[in-house]
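UniProt numbering puts the first residue of the sequence shown at 1, with every later residue one more than the last. Ideal Cβ placement from N, Cα and C applies to all residues, glycine included.
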Amino acid sequence: MSDQSQPSFPPRLLRTRLYEQVAGQISAWISDNGLTAGDRLPPERELAQRLGVSRATLSQALVALEVIGVVEVRHGDGTVVTAGHRQSTRIVEAIRSHADRLPEIIETRDALETKIAALAAARRTDDDMARIDDALAFMASEVESGGRGVEGDERFHGAVTAASHSLLLARLMDEIGDLIRETRLESLGQPGRPQDSLAGHRAVAEAIRAGDPEAAAAAMHAHVAMVSDVALLREQP
Numbered sequence: 001m002s003d004q005s006q007p008s009f010p011p012r013l014l015r016t017r018l019y020e021q022v023a024g025q026i027s028a029w030i031s032d033n034g035l036t037a038g039d040r041l042p043p044e045r046e047l048a049q050r051l052g053v054s055r056a057t058l059s060q061a062l063v064a065l066e067v068i069g070v071v072e073v074r075h076g077d078g079t080v081v082t083a084g085h086r087q088s089t090r091i092v093e094a095i096r097s098h099a100d101r102l103p104e105i106i107e108t109r110d111a112l113e114t115k116i117a118a119l120a121a122a123r124r125t126d127d128d129m130a131r132i133d134d135a136l137a138f139m140a141s142e143v144e145s146g147g148r149g150v151e152g153d154e155r156f157h158g159a160v161t162a163a164s165h166s167l168l169l170a171r172l173m174d175e176i177g178d179l180i181r182e183t184r185l186e187s188l189g190q191p192g193r194p195q196d197s198l199a200g201h202r203a204v205a206e207a208i209r210a211g212d213p214e215a216a217a218a219a220m221h222a223h224v225a226m227v228s229d230v231a232l233l234r235e236q237p
């Protein structure tokens, strides 16, 4: 039988993971009920029961929605709709687009922040170290109160970048700031990750305090590698 006579088959179906389905359902529910920016979703326990899914699956769906700008998860205030919420038909597409960008974002972040940490260890002042310690304390208070530590994480990396005293590297970090925030939300939304991230920050800070560029670079590389291990990438089909 010639190749031309071979039957043609439709393209393979794209498997939709459960949390993606849940994210789509939540987005559709937001639209169907006319929710607008600032409106609050039901508590996670209630939402999980309504959808018939585990809290872990719901949490992953909410993180995915937060990453693509549909909702914002606020510690102590629940999950609220943002001004950037989208139509449900685009949710899976938006989540997949985010996943496709992640590896390149992670590579770029690792390259920049590893160098930044090394420079910070060589150049930091006492004032720089005080800002780094303040950021660590702020993140610790967030995590201890049950939060994810997103703001503390941002403050810490910002303080380390400032301590490198490199205007060009700081500018490059600012350029990819929104992309890094996507990975930060994805990572810190995973169970146990805020505590692990805080421990990684402390290791980086101690190497900077000791004035050891090689140790600071190694600690930052290990930290970025750890926080970049996200469920969304592990679950790619």
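Near the ligand MG: residue i beta-carbon under 7 angstroms from a heavy atom
i: ASP134; result: No copy of the ligand MG appears in this structure; indeed no ligand is present at all.
Whole-angstrom distance between residue j and residue i, CA atom to CA atom
i: LEU65; j: ARG90; result: 11 angstroms
i: ALA99; j: ASP178; result: 15 angstroms
i: ARG109; j: GLU182; result: 12 angstroms
i: ALA218; j: LEU172; result: 21 angstroms
i: ARG74; j: GLU154; result: 15 angstroms
i: ILE105; j: ALA121; result: 24 angstroms
i: ARG45; j: ASP229; result: 26 angstroms
i: GLY189; j: VAL160; result: 23 angstroms
i: GLY52; j: SER27; result: 16 angstroms
i: GLY76; j: ASP127; result: 32 angstroms
i: ALA137; j: GLN25; result: 38 angstroms
Proximity to residue i [Cα-Cα], best of the options
i: ALA225; options: THR114, SER145 and ASP127; result: THR114
i: GLY84; options: VAL71, THR125 and ARG131; result: VAL71
i: GLY200; options: ALA210, VAL227, GLU214 and GLU175; result: VAL227
i: VAL63; options: ALA23, THR161 and ARG193; result: ALA23
i: GLU107; options: SER31, ILE180, ALA56 and GLU144; result: ILE180
i: GLU93; options: GLY211, ARG50 and ARG17; result: ARG17
i: ALA140; options: ILE68, PRO213 and ARG193; result: ARG193
i: GLY158; options: ILE132, ILE176, ASP212 and THR82; result: ILE132
i: THR125; options: THR82, ILE208 and ILE30; result: ILE208
Environment of residue i [buried if 16+ CB atoms lie within 10 Å]
i: GLU186; result: buried
i: LEU167; result: exposed
i: GLU20; result: buried
i: ALA130; result: exposed
i: ARG184; result: buried
Nearest-angstrom Cβ-Cβ length linking residue i and residue j, presumed shorter than 8 angstroms
i: GLY147; j: ALA135; result: Rounded, the Cβ-Cβ distance is 14 angstroms, inconsistent with contact.
i: ALA117; j: ALA216; result: 4 angstroms
i: LEU41; j: GLY78; result: 7 angstroms
i: LEU102; j: LEU169; result: Their Cβ separation, rounded to whole angstroms, is 22 angstroms, which puts LEU102 and LEU169 out of contact at 8 angstroms.
What runs of the beta strand (DSSP E), each 3 residues or longer, lie entirely inside the region 21–80? Runs of the beta strand (DSSP E) lying entirely within the region 21–80, each at least 3 residues long, are 71–74 in chain order.
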